[in-house]
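*Asks:* In the order they appear, the protein sequences are chains A and B. Residue numbering for the first sequence is 1 to 319, as defined by full-length UniProt numbering. Residue numbering for the second sequence is 1 to 319, as defined by full-length UniProt numbering. My questions all concern the structure below.
Protein chains: 2
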Amino acid sequence: MTNIKDLARMAGVSVTTVSRVLNNHPYVREDKKKAVLDAVRTSNYHKNINAVHLSKGKTFLMGVVLPFSDHPYFAQLLKGIAKQALENNYKLVLFQTSYIESRELEALEMLKLKQIDSLIICSRTCDFAMIEEHLTFGPIVLCEDLHGKNLSATYVDHYRIFYEALKYLHSKGHSRIGYCIARKSGTNSQKRMSAYRDFLHHSQLPYNPEYLMDDCLYFQDGEKVIRQIKEMITPPTALLVTSDQVAAGIFTCCQREQISIPDDLAIIGFDNEPIAKMMNITTVEIPLVEMGKNLFLQAISEQVSNKEMSAKLIERGTA
Amino acid sequence: MTNIKDLARMAGVSVTTVSRVLNNHPYVREDKKKAVLDAVRTSNYHKNINAVHLSKGKTFLMGVVLPFSDHPYFAQLLKGIAKQALENNYKLVLFQTSYIESRELEALEMLKLKQIDSLIICSRTCDFAMIEEHLTFGPIVLCEDLHGKNLSATYVDHYRIFYEALKYLHSKGHSRIGYCIARKSGTNSQKRMSAYRDFLHHSQLPYNPEYLMDDCLYFQDGEKVIRQIKEMITPPTALLVTSDQVAAGIFTCCQREQISIPDDLAIIGFDNEPIAKMMNITTVEIPLVEMGKNLFLQAISEQVSNKEMSAKLIERGTA
DNA sequence: TTGTATGCGTTATCAC
DNA sequence: GTGATAACGCATACAA
C-alpha cells in the first residue's frame with residue numbers, strides 16, 4: 001500500500017509537495033506536479049481517508065437516526081436527506097433504531113467519537129436531556145418543534161394540523177371521530193393528543209378512549225383498526241389516520257368488509273403518499289422530502305435555526 | 001479535547017497502560033487501572049475513533065449500495081442487513097444510487113479509500129469488471145448469481161422462479177401472459193427475459209413485445225400498466241408483476257375500472273409483501289430479510305461463498 | 001506488569 | 001516555490 005512518502009521518493013520531491021499536488025494547492029512547479037502525478041499513476045496510489053479524517057478532524061459522514069427505514073414516512077425523509085447529502089459530498093450513516101433507546105445513544109456516541117460530523121434525528125424515544133448533553137460534540141438536528149432550545153429543527157405544526165383536520169371532519173357532520181397513531185409516547189403524538197382534547201373540549205364532544213388507536217404504522221395495520229372498530233358499541237364515523245399506509249390498509253379492508261367510505265366511515269390520511277392519490281384518499285400533505293433536505297442543510301450549518309414547514313389538506317374521496 | 005497522552009499524565013502512567021485499560025487488556029495493576037479510569041471520568045475523555053481506524057486499518061463501517069431505499073424490496077433487504085450489522089457492531093453507510101453509475105463508483109471508491117471495510121451491492125448498473133477491479137480493496141458482495149466468480153453472493157434463481165410462475169399461469173389456461181419489471185437492463189431482468197423466451201418457445205406461444213412492460217417499481221405504476229393494457233388490441237389475460245407494490249397498484253386500478261380479477265386479468269406479484277397478503281394477491285415469496293442477513297455475513301467473512309435462497313409461490317386470489 | 005519508541009498516512013506550520 | 005517537521009490520537013512490538 002503506497003503512501004505519500006513513497007510518492008515523494010518516487011517523484012523526487014517532498015511529501016509536502018505531493019500533498020499540494022494531491023489537493024490542488026497552488027505554488028507548485030509544473031514539472032514537479034507532473035512527476036507526482038506520474039508517480040500516482042504508476043503506483044496505483046490512493047489516499048487513506050482515515051488519515052485525512054484524523055488530520056482534519058472531520059469525516060464528511062452524517063448520522064441519520066430513524067426507527068424504521070422501511071416505512072414510507074421515514075423513507076421519504078431519508079430520500080430528501082440523501083439528495084442533499086449527495087450535493088454536499090457527505091455520506092450517510094444509518095442508525096435504524098426500532099425505537100430502542102440504546103441504539104439512539106449509540107448514534108450520539110458516534111458523534112462523540114467523531115465518527116460522524118453531525119447527526120439528524122428523525123424520531124426519537126430517548127430523553128431530550130440526553131441529546132443536549134451531546135451537543136458539544138457536533139450539530140444535532142431534530143424533527144420537532146423545540147422553541148428556544150439551542151439546536152436546529154425542521155418540523156410541521158402537528159397541533160394545528162390535527163386540530164384543523166378535526167374541524168374539517170366536524171364540519172362534515174362527524175361528531176364521533178377517532179384517530180390512529182404510531183405510538184402514544186412520541187412528541188408528535190402528544191401534540192396530537194392535545195389538539196384532540198382541545199378540539200373535543202371546544203366542540204363540547206365527549207372523550208372516548210377507545211377512539212385512540214395506536215401501533216398503527218403499516219398497511220397491514222389497517223385490518224387491526226377495522227377489527228377494533230367493529231367491536232365497539234358506538235364506533236367512530238370518521239378516522240384521522242396519521243399515515244397514508246394505514247389509511248390505505250383501512251380503505252382496502254373496508255372494501256372487503258362492505259363498509260362504505262366515506263358514508264359509513266370517513267378517513268383522512270397523512271403524508272400524501274402516492275398510494276393515497278391512487279386510492280383517492282383524502283390526506284394531509286407533508287413535504288417530507290423538503291424537510292429532509294432542510295434537515296441536512298441545518299446539520300452542516302454553523303447556525304442554529306428552526307424551520308416550520310406547512311402542511312395542507314388535500315380533499316379527495318374518503319372524507 | 002483530551003487524549004490518551006493527557007490521561008497518561010493525569011494518571012501518572014504511560015500511554016500504553018492507558019491504552020491497555022481502555023481496551024480491557026490484561027496485565028495492569030488494579031490501582032493504576034483505577035487511576036486511569038478516574039482520569040477518564042474527570043476529564044470527560046472519549047476516544048477519537050478516526051485515530052483508531054487509522055491505526056488499525058479498519059472502520060467497522062459497511063457500505064450498502066442500493067438504487068432506492070424507499071422501495072419495499074430494498075427496504076426489506078436493508079432491514080436484514082441492518083439487523084445483522086447491529087449484532088456484529090457494524091455501522092452502515094448508505095449509497096442510494098438511483099441507478100446512476102457514478103454513485104456506484106463512489107461507493108467502490110470509498111472501499112478503496114478505506115472509509116468502509118466492505119461493500120454490499122444490492123443492485124447495480126455498473127459493469128462487473130468495475131467491481132472486480134476493486135476486489136483487492138475489500139470484500140464486495142452481490143445479489144446475483146455469478147457462478148465461478150471470485151466474490152460472494154446471495155440470490156434467488158430468477159430464471160427458475162419466473163419459469164415456474166409462467167408454467168403456473170399456463171396451467172390455469174392462460175396463453176397471453178405479460179410481465180412487468182423495473183428496468184430492462186438489470187441482470188435479474190435478463191434472466192427473466194430468458195425464462196420468458198424459453199417458456200414461450202417450449203409452449204409454442206408467440207412472442208409479443210408489447211407484453212413486456214418496464215419501469216414498474218411503485219404502487220402508482222400500476223395505473224400505467226392498466227393504461228397500456230387497455231390500449232392493446234389483444235391484451236394479456238395474465239400478468240407476472242415483479243413487485244407486490246405494482247401488483248397492488250394494478251389490483252386497485254382494476255377495481256376502479258371494473259376489471260375483474262382474476263377472471264379478466266390474473267396477477268402474480270413478487271416478494272410477498274404485507275400488502276399482498278392483505279389484498280389477497282397471489283405472489284412469489286422471496287426471503288429478503290434473510291438474504292440481507294446473509295449478505296452481511298458474507299461481507300465480513302474471509303471466505304468467498306455463494307448462497308442460493310429459495311422462493312415459493314403463494315397461491316391466493318389473483319391467479 | 002509497565003514504559004519507550006515507532007507506525008498509521010495526512011495535513012499544516014514555518015522557515016528558507 | 002519547496003521541504004523539514006510537527007501535529008492528529010491511538011495501538012503495539014519490544015525492551016525492561
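Backbone N, C-alpha and C define an ideal beta-carbon position, used for all residues, glycine too. Note that the coordinates shown come from a computational prediction; the quantities given were computed from them, not determined experimentally.
Does the CB of B:Thr252 have a neighbour CB from chain A at under 8 Å?
*Replies:* In the second sequence, counting from the first residue as 1, residue 252 of chain B sits at position 252. Taking Cβ atoms only, chain A reaches closer than 8 Å to B:Thr252, which makes this a yes.
*Asks:* In angstroms, rounded to a whole number, what distance separates the CA positions of A:Lys307 and A:Asn188?
*Replies:* As a first step, residue 307 of chain A is located in the first sequence; it is residue number 307 there, counting from the start. As a first step, residue 188 of chain A is located in the first sequence; it is residue number 188 there, counting from the start. Roughly 16 Å separates the two Cα atoms.
*Asks:* Starting from the Cα of B:Arg160, find the closest Cα among B:Ala319, B:Thr318 and B:Met309 and give me that residue.
*Replies:* Walking along the second sequence from the start, residue 160 of chain B turns up at place 160. Comparing Cα positions, the closest option is B:Met309.
*Asks:* According to the Cβ coordinates, are A:Glu87 and A:Thr97 closer than 8 Å?
*Replies:* In the first sequence, counting from the first residue as 1, residue 87 of chain A sits at position 87. In the first sequence, counting from the first residue as 1, residue 97 of chain A sits at position 97. Not in contact: A:Glu87 and A:Thr97 (Cβ atoms no closer than 8 Å).
*Asks:* By DSSP, does B:Thr125 sit in helix, in strand, or in coil?
*Replies:* Counting from one through the second sequence, the residue named residue 125 of chain B turns up at place 125. Three-state DSSP puts B:Thr125 in coil, outside helix and strand.
*Asks:* Which two residues bound the contiguous beta strand (DSSP E) that contains A:Thr283?
*Replies:* Residue numbering aside, residue 283 of chain A sits at position 283 when the first sequence is read from its first letter. Segment Thr283 to Glu285, the beta strand (DSSP E) holding A:Thr283.
*Asks:* Assuming A:Ala82 is part of the alpha helix (DSSP H), what are its boundary residues?
*Replies:* Position 82 of the first sequence, counting from 1, holds the residue named residue 82 of chain A. Unbroken alpha helix (DSSP H) run through A:Ala82: Pro72 to Glu87.
*Asks:* Please say whether A:Phe251 and A:Met279 have beta carbons closer to each other than 8 Å?
*Replies:* The sequence position of residue 279 of chain A within the first sequence is 279, counting from 1. The sequence position of residue 251 of chain A within the first sequence is 251, counting from 1. Yes, they are a contact pair.
*Asks:* Check the Cβ-Cβ distances between A:Gly269 and every residue of chain B, and say whether any is below 8 Å.
*Replies:* Translated into the one-based positions of the first sequence, residue 269 of chain A becomes position 269. No, A:Gly269 lies away from the interface with chain B (no Cβ there is under 8 Å from its Cβ).
*Asks:* What are the boundary residues of the beta strand (DSSP E) that B:Tyr45 is part of?
*Replies:* Along the second sequence, one-based indexing puts residue 45 of chain B at 45. Premise fails: B:Tyr45 is in no beta strand (DSSP E) and is neither H nor E.
*Asks:* Count the other CB atoms, across all protein chains shown, that sit within 10 Å of the CB of B:Tyr27; report buried if there are 16 or more and exposed otherwise.
*Replies:* Looking up residue 27 of chain B in the second sequence gives position 27. B:Tyr27 comes out exposed.
*Asks:* Beta carbons nearer than 7 Å to chain B: which residues of the region 62-83 of chain A have them?
*Replies:* Listed in sequence order: Ser69, Asp70, Pro72, Ala75, Gln76, Leu78, Lys79 and Ala82.
*Asks:* Check A:Leu313 in the structure and name its three-state DSSP category.
*Replies:* Counting from one through the first sequence, the residue named residue 313 of chain A turns up at place 313. Note: A:Leu313 maps to strand in three-state DSSP.
*Asks:* Please list the residues of the UniProt domain "HTH lacI-type" (2-56) of chain B that have a C-beta atom closer than 8 Å to any C-beta atom in chain A, keeping them in chain order.
*Replies:* Cβ contacts with chain A: His46, Lys47, Asn48, Ile49, Asn50, Ala51, His53 and Leu54.
*Asks:* Along the beta strand (DSSP E) that carries A:Gln96, what are the first and last residues, could you check?
*Replies:* The residue given as residue 96 of chain A occupies position 96 in the first sequence. Start and end: Lys91 to Gln96.
*Asks:* With a 10 Å radius around its C-beta and 16 neighbouring C-beta atoms as the bar for buried, classify B:Gly173 as buried or exposed.
*Replies:* Within the second sequence, residue 173 of chain B is the residue found at index 173, counting from 1. Its Cβ having fewer than 16 others within 10 Å, B:Gly173 is exposed.
*Asks:* Compare the C-alpha of A:Ala182 against each of A:Thr234, A:Asp244 and A:Asn272 and name the closest.
*Replies:* Numbered from its first residue, the first sequence carries residue 182 of chain A at position 182. Per the Cα distances, A:Asp244.
*Asks:* For the region 219-266 of chain A, list the alpha helix (DSSP H) runs that are entirely contained and at least 4 residues long, ordered along the chain.
*Replies:* Qualifying alpha helix (DSSP H) stretches, in chain order: 221-231 and 244-256.
*Asks:* Where do the ends of the beta strand (DSSP E) carrying B:Tyr179 lie?
*Replies:* To locate residue 179 of chain B, count along the second sequence from 1; it is residue 179. Run containing B:Tyr179: Ile177 to Cys180, per the beta strand (DSSP E) assignment.
*Asks:* In or out: A:Tyr90 buried (at least 16 other Cβ within 10 Å) or exposed?
*Replies:* Taking the first sequence and counting its residues from 1, the one referred to as residue 90 of chain A is at position 90. Looking at its Cβ environment, which holds 16 or more other Cβ atoms inside 10 Å, A:Tyr90 is buried.
*Asks:* When the cut-off is 8 Å and only beta carbons count, does B:Glu290 lie next to chain A?
*Replies:* Taking the second sequence and counting its residues from 1, the one referred to as residue 290 of chain B is at position 290. Not an interface residue.
*Asks:* Could you confirm whether any beta carbon from chain B is found closer than 8 Å to the beta carbon of A:Gly230?
*Replies:* Residue numbering aside, residue 230 of chain A sits at position 230 when the first sequence is read from its first letter. Before going on, a small fix: residue 230 of chain A reads as Lys here, not Gly. Cβ-Cβ to chain B under 8 Å: no for A:Lys230.
*Asks:* Rounded to a whole number of angstroms, what is the C-alpha to C-alpha distance between B:His71 and B:Leu217?
*Replies:* Translated into positions along the second sequence, residue 71 of chain B becomes position 71. Translated into positions along the second sequence, residue 217 of chain B becomes position 217. So the two alpha carbons sit approximately 8 Å from each other.
*Asks:* Under the assumption that B:Thr319 contacts B:Ile268 (Cβ atoms under 8 Å), give the Cβ distance between them as a whole number of angstroms.
*Replies:* In the second sequence, the residue the question calls residue 319 of chain B occupies position 319. In the second sequence, the residue the question calls residue 268 of chain B occupies position 268. Reading off the sequence, residue 319 of chain B comes out as Ala, not Thr. At roughly 5 Å, the Cβ-Cβ gap stays under 8 Å, so B:Ala319 and B:Ile268 are in contact.
*Asks:* According to DSSP, A:Lys149 sits in a beta bridge with which residue or residues?
*Replies:* Your numbering for residue 149 of chain A matches position 149 in the first sequence. Bridge partners of A:Lys149: none, in fact.
*Asks:* Where does B:Tyr155 sit, in a helix, a strand or coil, going by DSSP?
*Replies:* Locating residue 155 of chain B in the second sequence gives position 155, where the first residue counts as 1. Three-state DSSP puts B:Tyr155 in a strand.
*Asks:* Quick check on this structure: which residue in A:Glu285, A:Lys58, A:Pro236 and A:Ile275 has the alpha carbon closest to the alpha carbon of A:Asp263?
*Replies:* Here residue 263 of chain A refers to the residue found at position 263 of the first sequence. The option with the nearest alpha carbon to A:Asp263 is A:Pro236.
*Asks:* Could you have a look at A:Met278 and say whether DSSP puts it in helix, strand or coil?
*Replies:* Looking up residue 278 of chain A in the first sequence gives position 278. A:Met278: helix per DSSP, three-state reduction.
*Asks:* Could you tell me which chain A residues have their CB closer than 7 Å to the CB of B:Phe219, listed as they occur along the chain?
*Replies:* Along the second sequence, one-based indexing puts residue 219 of chain B at 219. Under the 7 Å cutoff, chain A gives Pro274, Ile275 and Met278.
*Asks:* Between B:Val246, B:Asn272, B:Lys230 and B:Lys277, which has its C-alpha nearest B:Gln258's C-alpha?
*Replies:* The count along the second sequence starts at 1 and reaches residue 258 of chain B at position 258. Looking at the Cα atoms, B:Lys230 is the closest of the given residues.
*Asks:* Using the beta-carbon of each residue, which ones in chain A are nearer than 8 Å to B:Val93?
*Replies:* Here the question's residue 93 of chain B lines up with position 93 in the second sequence. Within 8 Å Cβ-Cβ: Leu61, Lys91, Leu92, Val93 and Leu94.
*Asks:* Pick out whichever of A:Ala82, A:Glu132 and A:Asn50 has its Cα sitting closest to the Cα of A:Met291.
*Replies:* Residue 291 of chain A sits at position 291 when you count from the first residue of the first sequence. Among A:Ala82, A:Glu132 and A:Asn50, the Cα nearest to that of A:Met291 is on A:Ala82.
*Asks:* Could you pull the DSSP bridge partners for B:Ile268 from this structure?
*Replies:* Counting from one through the second sequence, the residue named residue 268 of chain B turns up at place 268. B:Leu240, per the DSSP bridge assignment.
*Asks:* Exposed or buried, which one is B:His201 when buried takes at least 16 other CB atoms within 10 Å?
*Replies:* Mapped onto the second sequence, residue 201 of chain B falls at position 201. Exposed, because fewer than 16 other Cβ atoms sit within 10 Å of the Cβ of B:His201.
*Asks:* Please confirm whether B:Lys224 has its beta-carbon closer than 8 Å to some beta-carbon of chain A.
*Replies:* Here residue 224 of chain B is taken as the residue at index 224 of the second sequence, counted from 1. Judged by the 8 Å Cβ criterion, B:Lys224 is not in contact with chain A.
*Asks:* Take the Cβ of B:Ala129 as the centre, count every other Cβ of all protein chains shown within 10 Å, and call the residue buried at 16 or more, exposed below.
*Replies:* In the second sequence, counting from the first residue as 1, residue 129 of chain B sits at position 129. Exposed is the call here.
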